[in-house]
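Chemist:
Chains as they are written, first to last, in our numbering: chain A, 1057 to 1169; chain B, 15 to 134.
#1: Determine the closest residue to residue 98 of chain B out of B:51, B:16, B:30 and B:44, with distance taken between C-alpha atoms.
#2: Excluding the 5 residues flanking residue 1068 of chain A on each side, which residues of the same chain have their C-beta closer than 6 Å to its C-beta?
#3: From which residue to which residue does the beta strand (DSSP E) around residue 1121 of chain A run?
#4: Residues of chain B with CB closer than 9 Å to the CB of residue 1157 of chain A, please, in chain order.
#5: Spatial neighbours of residue 1115 of chain A within its chain, please: CB distance less than 7 Å, with the 5 preceding and 5 following residues excluded, ordered by chain position.
#6: Tell me whether the beta-carbon of residue 1154 of chain A lies closer than 8 Å to the beta-carbon of residue 121 of chain B.
#7: With 16 other CB atoms within 10 Å as the buried threshold, where does residue 1071 of chain A fall?
#8: Can you grab the Cα-Cα spacing for the pair residue 79 of chain B / residue 54 of chain B, in whole Å?
#9: Please go through the region 36 to 72 of chain B and give each complete alpha helix (DSSP H) segment of 4 or more residues, from N-terminal end onward.
#10: Across which residues does DSSP place residue 1107 of chain A in a beta bridge pair?
#11: Could you name the residues of the region 1122 to 1147 of chain A whose beta carbon sits closer than 9 Å to any beta carbon of chain B, in the order they occur along the chain?
#12: Establish whether the CB of residue 77 of chain B and some CB of chain A are separated by less than 8 Å.
#13: Using a Cβ cut-off of 8 Å, pull out every chain B residue sitting near residue 1162 of chain A, in sequence order please.
#14: Which class does residue 1073 of chain A belong to by DSSP, given the choice of helix, strand or coil?
#15: Where does residue 96 of chain B sit, in a helix, a strand or coil, going by DSSP?
Shown next, in the form of structure tokens:
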């Protein structure tokens, strides 16, 4: 099983550009999440989804959008990139509501210049 | 909202020795779940160990064990017989027991991490 796959692994954006971080999982998990990890910091929740067609904001949603049209895919959209969005982004999924922990992707390192 | 604090930004240990990483959390709930995740230089987040707050027995996974002190809201990770491959960032995380699905507060909340270096 591939688990949780994120693409791309690295990306450099210019201020004001937009991009979509892709995330797909093959474990038939209903719950999916996007976190960002800033240097020396823990992970902060951006958005989450409890199933296809259902998404909700996390702790730091400003500047981002998500969609969940299928169980497998949960893309994260950055509109008008800003230097404050320079971070490592992790997608994760979980069986049920995550009481057994999450399965994480390998992350996307994004730099906005 | 819950908070998770890891007070040791960096630690080091000699190979084959034992090291303990600290984690404290703040919650008003009586039932919840606690986790330790490992993030090696590859950046992959790996679940190390899980504890259910309503179970008094401390969780163990091979060389990894926890000291769960519910009254003190403390959840430390002990790594025995440290190996070079244990070099990583370690994150403590909290999850509410609640199954309410439309509540971001019920998602995993992470501490700031402890960078562990195992020296040969």
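We put the beta carbon where it would ideally sit given N, CA and C, even for glycine.
Modeler: Judging by the given coordinates:
#1: B:30
#2: 1167
#3: 1120 to 1122
#4: 47, 49, 51, 61, 64, 107, 109 and 122
#5: 1100 and 1101
#6: yes
#7: exposed
#8: 19 Å
#9: none
#10: A:1110
#11: 1144 and 1146
#12: no
#13: 56, 57 and 58
#14: coil
#15: coil
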